[in-house]
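Right, one structure below, let's go through it.
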């Protein structure tokens, strides 16, 4: 062979190898970069045909993790079952990979199936695959099955468990809180001639110290030392956690010193526990010192570090250091709660650190990994601080924007008293603002569970109209937005002139970019005009918005579509969608979904179905699951249940898994229409797809059971909710109370009404409308009187006839004092438009 031929052959071989490497690299890139999960599955299966691809366990781990986090368990099964057709399945390592992946996805039955099928696929089952099955059991949280597998399989397969096997069993017992059983495994290991290692002891230390059983943790620590097992960083971190839970801050610091003396350098978990200990004890200087110590040790802070420190610094008033940490958050690209950062911005602005506040807002906008929509608070000017009307209305709007933040509990001349619900103002922001205001004589914390927005606004108006500085009850409040004011009339009788003035002021204020970012004021204004049926005025202010550059932003355009839909003006909503290309705004699936929602809000259900069928192909939009959910809801609302069910069952065929919204929509209509067996089938399907029902799902089923006369089963379902830590709401209790009211079961109704009062929700109008007639029909007028009094205190608008029947019943039973008290209570309320009189008794 000539030299030139040898050179050509070498070049050809190198080229083929390069092409093969490039092909494999492209396969990895194709799979990693695919965002559509259905296409990801198809590409993964296609790429698996290449042997080199199948040798990369990392890409298997990443793909399965992505699918598991999206709860696409059916697709995980599809790609892993597809692997069984390759010759690799006869190798134990490849089979173990499938077992482990199923385990990490919580699919233990599939993992066990792979293990059981190994002999059929000429794959030997050894200690390696046995340990993989045990680990899959633990990862799937099937802790109760671990002991059975551990006891039965070794003898059957002639396998002797090793240290890894026993460590897995210890972890399983710790996972199911059987800590004494976990400790007993150590003794069993010794009888088998196995010596526990640092993993064995660390598992036990984490369990005991983590559960607050510090003394037991110390015994395990002593046992570890007796077995000549040296503690590592994980051992010390477990002990630090125990000391932290026991509130032993000094001992936490001492243990850090002991670690360093033994040459074990603390990690970020260690430092976080020390910092949190000082945060809990409100020691600002020590917390800051240990943060700086962490930086000196070149230990990189993590997300938890900032989540613990920033709120503490803000609370302690050290805004400069809080600002520095927020800058660090952006630098290190941590995903923190936007509310946490927003509060720092607000506190900086309040402390006149405007430049720092602006910098954080700007940093939030410029991040490429996540855009934080931070905004500067609206700060009053010096002239406004001295303005009596602005001072009062600022309080009004602080409360108006927080629907359950606080209530007015009294007034005296020009001074207003407030009670703040601490649960809805956890950081004391509203409370501190009110304390600074000269009109607030007293601000106190209360345990008020809930108050309706309408009730809150009535109380605001009732008190403000009685402040002597106000000229009359028919006054206007103003919301300051930059230098613009939007007039909001609070009178019950709104005239055409006043509404037109509102429209003019709104259009004038819209010139401010800051105003246009306030979505809530758009929503409230349009709702007021829609309530007054002033649709031409709604069109006037919304069409006026198209002149601003914001219209090229999809979010702003979607706002207009939604507002038209909520006003019942679907043709206008569709017009906005059709005009988007002319307005330099792309039409995507998001704006398409906004149009569909507008159709549902406008009750144009037939239009929704028509648009869904025709529009996507015309504008090159692929509907997503949200689109299907909206159309299913439209079909349900227009009574086309068969079509809705048909679309629901077709979701799998088009590669879309139904989510909780889909199931809740279908369940609601089935149970509401009395199709209980069909509803139960859908419920079973929801559970089989690992979609966890929420309180709305349970409320739907509760109403269905009560409607079907299965009240005892409804009680069991309510208990099931509580056992699964799903807190029942007022709709849950009302569903159950309806069953007892229909069955005239007074005692059960009383008991469950008592539970409702003890819970975190308050009775609503429906509760009283059901219960009061039940008790006065049973001649239990004492209970009826109590319910009426509670309803009045909560400003429930019950019918006059209901109160009259209770008063008459009290008089007939010679309970004149209660009858007089109830009449006096009703006649003294301002929100009721009628008066009662005591009946004349012969």
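Numbering (full-length UniProt numbering), first residue to last: 1 to 842.
Think of the CB as a built atom: it goes at the ideal place given N, C-alpha and C, for glycine as much as any other residue.
Rounded C-alpha distance that separates residue i from residue j
{"i": "residue 656", "j": "residue 38", "result": "8 Å"}
{"i": "residue 57", "j": "residue 41", "result": "16 Å"}
{"i": "residue 589", "j": "residue 595", "result": "10 Å"}
{"i": "residue 714", "j": "residue 751", "result": "15 Å"}
{"i": "residue 811", "j": "residue 672", "result": "41 Å"}
{"i": "residue 609", "j": "residue 571", "result": "15 Å"}
{"i": "residue 106", "j": "residue 235", "result": "28 Å"}
{"i": "residue 602", "j": "residue 619", "result": "23 Å"}
{"i": "residue 119", "j": "residue 109", "result": "17 Å"}
{"i": "residue 311", "j": "residue 291", "result": "15 Å"}
{"i": "residue 574", "j": "residue 795", "result": "40 Å"}
{"i": "residue 534", "j": "residue 562", "result": "17 Å"}
{"i": "residue 269", "j": "residue 302", "result": "9 Å"}
{"i": "residue 691", "j": "residue 47", "result": "30 Å"}
{"i": "residue 168", "j": "residue 190", "result": "16 Å"}
{"i": "residue 641", "j": "residue 568", "result": "24 Å"}
{"i": "residue 126", "j": "residue 160", "result": "9 Å"}
{"i": "residue 716", "j": "residue 117", "result": "40 Å"}
{"i": "residue 295", "j": "residue 309", "result": "14 Å"}
{"i": "residue 121", "j": "residue 252", "result": "54 Å"}
{"i": "residue 827", "j": "residue 835", "result": "5 Å"}
{"i": "residue 343", "j": "residue 323", "result": "11 Å"}
{"i": "residue 648", "j": "residue 659", "result": "11 Å"}
{"i": "residue 838", "j": "residue 831", "result": "20 Å"}
{"i": "residue 629", "j": "residue 683", "result": "17 Å"}
{"i": "residue 895", "j": "residue 775", "result": "Residue 895 is absent from the structure shown; the chain starts at 1 and stops at 842."}
{"i": "residue 665", "j": "residue 520", "result": "27 Å"}
{"i": "residue 667", "j": "residue 63", "result": "32 Å"}
With 16 other Cβ atoms within 10 Å as the buried cut-off, status of residue i
{"i": "residue 833", "result": "exposed"}
{"i": "residue 356", "result": "buried"}
{"i": "residue 413", "result": "Because the pLDDT at residue 413 is just 35, under 50, the model does not fix this residue reliably, and the value given afterwards should be weighed accordingly. Exposed is the call here."}
{"i": "residue 335", "result": "exposed"}
{"i": "residue 674", "result": "exposed"}
{"i": "residue 228", "result": "exposed"}
{"i": "residue 193", "result": "exposed"}
{"i": "residue 723", "result": "exposed"}
{"i": "residue 639", "result": "exposed"}
{"i": "residue 300", "result": "exposed"}
{"i": "residue 545", "result": "buried"}
{"i": "residue 51", "result": "exposed"}
{"i": "residue 216", "result": "buried"}
{"i": "residue 184", "result": "exposed"}
{"i": "residue 757", "result": "exposed"}
{"i": "residue 317", "result": "exposed"}
{"i": "residue 884", "result": "Any question about residue 884 goes unanswered here, given that the chain covers just 1 to 842."}
{"i": "residue 792", "result": "buried"}
{"i": "residue 196", "result": "buried"}
{"i": "residue 510", "result": "buried"}
{"i": "residue 653", "result": "exposed"}
{"i": "residue 354", "result": "exposed"}
{"i": "residue 171", "result": "buried"}
{"i": "residue 727", "result": "exposed"}
First and last residue of the uninterrupted alpha helix (DSSP H) at residue i
{"i": "residue 202", "result": "198-210"}
{"i": "residue 77", "result": "73-82"}
{"i": "residue 527", "result": "519-531"}
{"i": "residue 723", "result": "711-723"}
{"i": "residue 671", "result": "660-672"}
{"i": "residue 702", "result": "695-707"}
{"i": "residue 618", "result": "605-619"}
Check whether the stretch 748-766 and the stretch 722-737 touch, using three or more Cβ-Cβ pairs below 8 Å as the test. Per the Cβ contact rule, the stretch 748-766 is in contact with the stretch 722-737 (3 or more Cβ pairs under 8 Å).
With contact counted as at least three CB pairs below 8 Å, one residue from each stretch, are the stretch 236-256 and the stretch 272-282 in contact? They touch, by the three-pair rule.
Using 8 Å as the threshold, is the stretch 89-96 in touch with the stretch 121-131, meaning 3 or more CB pairs across them? Output reads yes: the stretch 121-131 touches the stretch 89-96.
Any 3 or more C-beta pairs closer than 8 Å across the stretch 221-229 and the stretch 243-255: no
Contact between the stretch 259-267 and the stretch 280-291 is defined here as three or more beta-carbon pairs at a separation below 8 Å; is this criterion met? no
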